[in-house]
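Take a look at the structure set out below.
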Amino acid sequence: MKRRHFLAGVSIFAVAGICPLPLFAQPTQQQLLAPGPLPEKSFGDADSPVTVIEYASLTCGHCRNFHITVWPDFKAKYVDTGKVRFIIREFPFDPRASAGFMLARCAGEDKWYPTLDLLYRSQDRWARVSDATSALKSIMGMTGMEGEQVEACLQDQDLLDKITAIADTGKSYGVDSTPTFFVNGEMYKGVLSLERFSEIIDPLLVAE
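Following numbering that gives the first Met the number 0, the numbering of the sequence shown begins with 0 at its first residue and continues without gaps.
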């Protein structure tokens, strides 16, 4: 996506949807963990026995629901105890989601997830308004980012291209909706409850 089209897309309402994609063979764990064009964003120890990868879109209501209602308890039960490494990867379905992910990256390492959390919690204030650019400037002001910095970030074509490449790799793995999770290489689509995650993860921990 070129910059001029991307910025135009931020200023109008774009509806996230599911793109029809051909079927793909499920990737191996080694393929899933191959380095991408941007530093991996993860929680937990790299040597945890279970690795969960989430492909998410910031304009996705189901992703918002997961991060607000499931993630805190999941993190406490599995990530903080050293059982799971959790990786979040960008899979924007529309220009606004791309913009949000770019701003989170531009916010800096220590503000990356707090920015994602802020954007999820304020989703209705920027993802579904007529002037998303102004809304994002206002919201990012809460992180200390000035309006000029927001504009500079959104004009970073290289960053946009790398985020798009992460999503394209996800598509090659068969990701076609969000959230999509890979648990030690096995794909699961849609929001998973903590109970459902436990059904999937606990047997893997016993096997260790």
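Glycine is no exception: its CB is placed at the ideal position from the N, C-alpha and C atoms.
How big is the Cα-Cα spacing for residue 170 and residue 92?
Distance between the alpha carbons of residue 170 and residue 92: 11 Å.
Helix, strand or coil at residue 127 [DSSP, three-state]
Three-state DSSP puts residue 127 in coil, outside helix and strand.
What is the DSSP secondary structure of residue 47, counted as helix, strand or coil?
The three-state secondary structure of residue 47, taken from DSSP, is coil.
Once you ignore the five residues that flank residue 188 on each side, which residues in its own chain have a CB closer than 7 Å to its CB?
Only 176 and 179 meet the Cβ criterion.
Of all the options 172, 57, 124 and 110, which has the alpha carbon lying nearest to the alpha carbon of residue 32?
Nearest of 172, 57, 124 and 110 to residue 32, Cα basis: 172.
Helix, strand or coil at residue 179 according to DSSP, with G and I counted as helix
Strand, per DSSP.
Using 8 Å as the threshold, is the stretch 137 to 157 in touch with the stretch 45 to 64, meaning 3 or more CB pairs across them?
Remark: fewer than three beta-carbon pairs, one from each stretch, lie closer than 8 Å, so the stretch 137 to 157 and the stretch 45 to 64 are not flagged as touching.
Where residue 101 sits in the DSSP three-state scheme:
In this structure, residue 101 counts as helix in the three-state DSSP scheme.
I'd like to know if the stretch 56 to 73 and the stretch 86 to 101 are in contact, where contact means that at least 3 CB-CB pairs between them fall below 8 Å.
With the rule of 3 Cβ pairs closer than 8 Å, the stretch 56 to 73 counts as touching the stretch 86 to 101.
Please name the residue or residues paired with residue 83 in a DSSP beta bridge.
The secondary-structure analysis by DSSP pairs residue 83 across a beta bridge with 49.
Assuming the contact rule is C-beta atoms closer than 8 Å, residue 193 and residue 73 should be a hit. Round their C-beta distance to whole Å, please.
Beta-carbon to beta-carbon, residue 193 and residue 73 are separated by about 6 Å, close enough to satisfy the 8 Å threshold.
Can you look up residue 96 in the DSSP assignment and give me helix, strand or coil?
Residue 96: helix per DSSP, three-state reduction.
Cβ neighbours of residue 21 in the same chain (closer than 7 Å, five flanking residues each side left out)
Note that residue 21 has pLDDT 46, beneath the 50 cutoff, so the model's placement of it is unreliable and the number below is only indicative. Excluding its 5 nearest sequence neighbours in each direction, residue 21 has no C-beta neighbour in its own chain below 7 Å.
Spell out a yes or no on whether the stretch 149 to 165 and the stretch 63 to 77 are touching, meaning 3 or more CB-CB pairs, one atom from each, closer than 8 Å.
Taking a cut-off of 8 Å on C-beta distances, the stretch 149 to 165 does not touch the stretch 63 to 77, as fewer than three cross pairs fall below it.
Note the first and the last residue of the continuous beta strand (DSSP E) segment covering residue 112.
Counting along the chain, residue 112 falls outside any beta strand (DSSP E), though it belongs to the alpha helix (DSSP H) covering 111 to 120.
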